[in-house]
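Heads up: the structure comes next, in structure tokens.
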Amino acid sequence: VLVVDHGSGEVLAWAVGGGGDPDGPRTYIDAVTTPRQPGSALKPFLYALALDRGWSPAEIIDDAPLTESTSGGLHSYQNYSRRFYGPVTLRDALGNSLNIPALKTLQYVGAEAYLDRLHALGFRGLDEHPDFYGDGIALGSGAVTLLDLVGAYAALANAGVYRPLSVLRDDARTRTARRVFSAEAASLIGNILSDPAARTLEFGRDSVLNLPVQTAVKTGTSSDFRDAWAVGFDYRYAVGVWMGNLDDTASDGVTGSTGPALLLRSVFASLERGKSTERLYLSPRLAERRVCVPLPESAAGGDGCIERDEWFLPGGEPAAAKGGEPAERAASVSTADRGLLRPAGKESARSSRPEPIRLRQPTPGLRLAYDPRLPADAQVFRFVLDGAAPDDRVDWVVDGETVSCPAPEYRWAVTRGEHRVSAAVRRGGALVAEIPEVAFEVK
18 VLVVDHGSGE VLAWAVGGGG DPDGPRTYID AVTTPRQPGS ALKPFLYALA LDRGWSPAEI
78 IDDAPLTEST SGGLHSYQNY SRRFYGPVTL RDALGNSLNI PALKTLQYVG AEAYLDRLHA
138 LGFRGLDEHP DFYGDGIALG SGAVTLLDLV GAYAALANAG VYRPLSVLRD DARTRTARRV
198 FSAEAASLIG NILSDPAART LEFGRDSVLN LPVQTAVKTG TSSDFRDAWA VGFDYRYAVG
258 VWMGNLDDTA SDGVTGSTGP ALLLRSVFAS LERGKSTERL YLSPRLAERR VCVPLPESAA
318 GGDGCIERDE WFLPGGEPAA AKGGEPAERA ASVSTADRGL LRPAGKESAR SSRPEPIRLR
378 QPTPGLRLAY DPRLPADAQV FRFVLDGAAP DDRVDWVVDG ETVSCPAPEY RWAVTRGEHR
438 VSAAVRRGGA LVAEIPEVAF EVK
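As structure tokens, then:
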């Protein structure tokens with residue numbers, strides 16, 4: 018646990034606990050300064066950069082399945098819940114810690130610019146080339162220390178100004194402060210992370226992250242539950258909590274919201290006990306407007322929109338929301354218009370020639386990773402054909418077993434091992450295409 022006064026940069030508490038065999042040899046590791054994977058705990062800095070680049074909390078980002086080519090074939094990105102919500106606002110994307118919108122936000126700001134901003138925030142361990150991290154840097158694939166992470170959150174709390182943390186009370190060294198984000202962008206991130214309504218899709222209405230005093234809170238969980246984080250700030254303090262095994266083995270299903278967040282609540286309750294509290298800083302330059310944002314696909318069938326108040330930088334308000342005009346759907350410029358969405362791979366409508374039927378996924382030699390965090394019946398991989406008609410019947414042959422589907426897509430239950438798949442496409446009873454066998458592997 019690390020506690021700092023984000024106004025002065027002074028470290029108030031530095032607590033390290035460890036388990037292990039009390040009668041065995043003792044190895045002391047300071048988990049505050051040990052690099053670990055932060056997971057989603059880095060996302061607020063990505064969105065802060067996007068806000069400074071012209072986006073608003075009402076920016077529409079499409080939360081839809083995303084598959085990209087890698088050296089091992091195709092990699093399909095998922096949200097933690099394995100659900101997709103369609104068009105969502107930046108506020109909802111960050112509040113619910115959605116992975117697909119974060120990847121598309123990285124495509125907007127650029128990985129190099131994002132890493133430069135992380136370096137300006139004091140993250141000393143992220144010193145590789147952007148290509149080393151790839152798109153995974155948006156999801157916290159690098160390694161950072163709790164000390165650096167809390168220092169960066171303190172910069173958000175301090176209106177976007179980073180100040181190196183001071184550990185010793187009598188440290189007379191000069192600590193030069195520098196502005197990393199605008200006050201407007203930093204305070205908007207605090208506003209989003211302290212908004213209970215912004216995280217209901219993934220965390221529910223009664224989340225442990227909803228603290229009694231306005232507090233910006235973000236969690237993070239790395240692969241295989243090796244690292245669980247909760248970081249937050251109120252009007253005065255910034256607090257970070259890391260939980261995990263110091264031998265780098267996976268924990269027993271502990272996530273940021275089921276472990277560290279509970280301790281984070283207790284720390285803030287102790288810090289605020291008997292004190293007069295205040296609300297988080299919100300830049301007076303921000304303008305509040307009523308906008309209409311799309312409902313997620315999980316609500317009301319995904320149709321229509323809902324009105325709510327949102328904050329904008331001066332001049333960045335939706336045109337329909339100015340001058341008291343009726344609110345319209347908020348989308349300053351959607352990510353689809355910015356060219357950030359991957360093409361679906363289908364032939365242009367300008368061609369009248371029918372598209373040949375081919376196997377989009379799996380690709381030859383594809384390697385998939387079985388996720389031990391999820392129940393076996395929740396892990397599926399889509400076999401997809403391009404060019405087939407929606408009412409075509411497809412006979413999939415997987416490892417010698419035939420499964421017939423009344424559509425050009427089959428949700429295959431993932432199992433470890435080497436696999437082979439082929440397909441036969443029938444239209445009105447007639448065979449129209451045979452897809453050659455493809456080999457792939459699940460580890």
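Going by my numbering, the first residue of the sequence shown is number 18, and it counts up by one from there. Heads up, the beta-carbon is just placed ideally off N, CA and C, and yes, glycines get one too. Treat the numbers as computed from the prediction; the structure is a model and nothing was measured.
Assign residue i to buried or exposed, taking buried as 16 or more other Cβ atoms, counted over all protein chains shown, within 10 Å of its Cβ.
i	result
V397	exposed
P277	buried
I416	In the sequence as presented, Ile is not what sits at residue 416; that position holds Asp. When all chains shown are included, D416 counts as exposed.
L166	buried
I46	exposed
H23	buried
G340	Summary for G340: the model assigns pLDDT 41, below 50, so the residue's position carries little reliability; its value from the coordinates is reported in the next sentence. G340 is exposed by the Cβ-count criterion.
D148	exposed
A30	exposed
T106	buried
K292	exposed
Going by alpha carbons, who is nearest to residue i out of the options?
i	options	result
K121	L135, Q95 and T193	Q95
L297	A58, D409 and I206	I206
A245	D223, Q231 and G270	G270
L164	R410, H146, R192 and S183	S183
G56	F242, R253, P453 and E454	F242
R108	D403, N208 and T272	N208
V18	Y387, T266, G261 and A447	G261
I117	V20, V197, S93 and S224	S93
R216	L111, L29 and C309	L111
P229	P373, A286 and F62	A286
P335	Y125, A189 and G71	G71
G153	Y427, P379 and Y131	Y131
L138	C309, P147 and F198	F198
L280	V126, D187 and G257	G257
S73	L303, W429 and Y427	L303
A58	A176, G221, C309 and L135	L135
Put residue i into one of helix, strand or coil per three-state DSSP.
i	result
G168	helix
H136	helix
F198	coil
V310	strand
P126	Looking at the sequence provided, one finds Val at residue 126 rather than Pro. Three-state result, V126: helix.
G221	coil
D244	strand
S368	Residue placement at S368 is poorly supported in this model, since its pLDDT is 35, which falls under 50; the coordinates are not used for a value here.
S274	coil
I206	helix
A75	coil
K121	helix
V184	coil
For residue i and residue j, I'd like the C-alpha separation in whole angstroms.
i	j	result
D133	A155	13 Å
L480	C422	In the structure displayed, the chain extends from 18 to 460; residue 480 sits before or after that span and is not available.
H436	A456	6 Å
G162	P425	The amino acid occupying residue 162 in the given sequence is Thr; Gly does not appear at that position. Rounded to whole angstroms, T162 to P425 spans 46 Å at the Cα level.
G157	G103	23 Å
G273	T236	5 Å
A203	R325	21 Å
A6	A128	There is no way to answer for residue 6, as the model of the chain reaches only from 18 to 460.
E451	P407	17 Å
A267	A48	16 Å
R190	V28	15 Å
D403	P331	45 Å
S300	Y387	45 Å
R11	D409	Residue 11 is absent from the structure shown; the chain starts at 18 and stops at 460.
A81	G333	26 Å
E305	W259	36 Å
K460	S240	15 Å
C322	P311	4 Å
V21	F140	17 Å
R290	S283	10 Å
Using a Cβ-Cβ distance cut-off of 8 Å, determine whether residue i contacts chain C.
i	result
F149	The structure shown contains no chain C; it holds only a single protein chain.
Consider the C-beta atom of residue i and the heavy atoms of the ligand SAH; say whether any pair is separated by less than 7 Å.
i	result
L279	The ligand SAH is absent from the structure shown, which contains no ligand whatsoever.
Please return the same chain residues whose Cβ sits closer than 6 Å to the Cβ of residue i, not counting the five positions on each side in sequence.
i	result
P213	N227
R195	Y179
A233	G207, L210, S211, G249 and F250
V411	C422, P425, A440 and V442
V10	Absent from the model: residue 10. The displayed extent of the chain is 18 to 460, so no value can be given.
E295	Y252
Y150	S158 and G159
Among residues of its own chain, excluding the 5 on either side of residue i, which ones have a beta-carbon nearer than 8 Å to its beta-carbon?
i	result
L448	A441 and V442
P381	G90, V455, A456 and F457
S98	E219
P52	G142, A160, V161 and T162
E145	G159
L63	A119, T122, L123, V126, Y131 and A155
Leaving aside the five residues before and after residue i along the sequence, list all residues of the same chain whose C-beta is less than 7 Å from its C-beta, in chain order.
i	result
R192	G26, R180, P181 and S183
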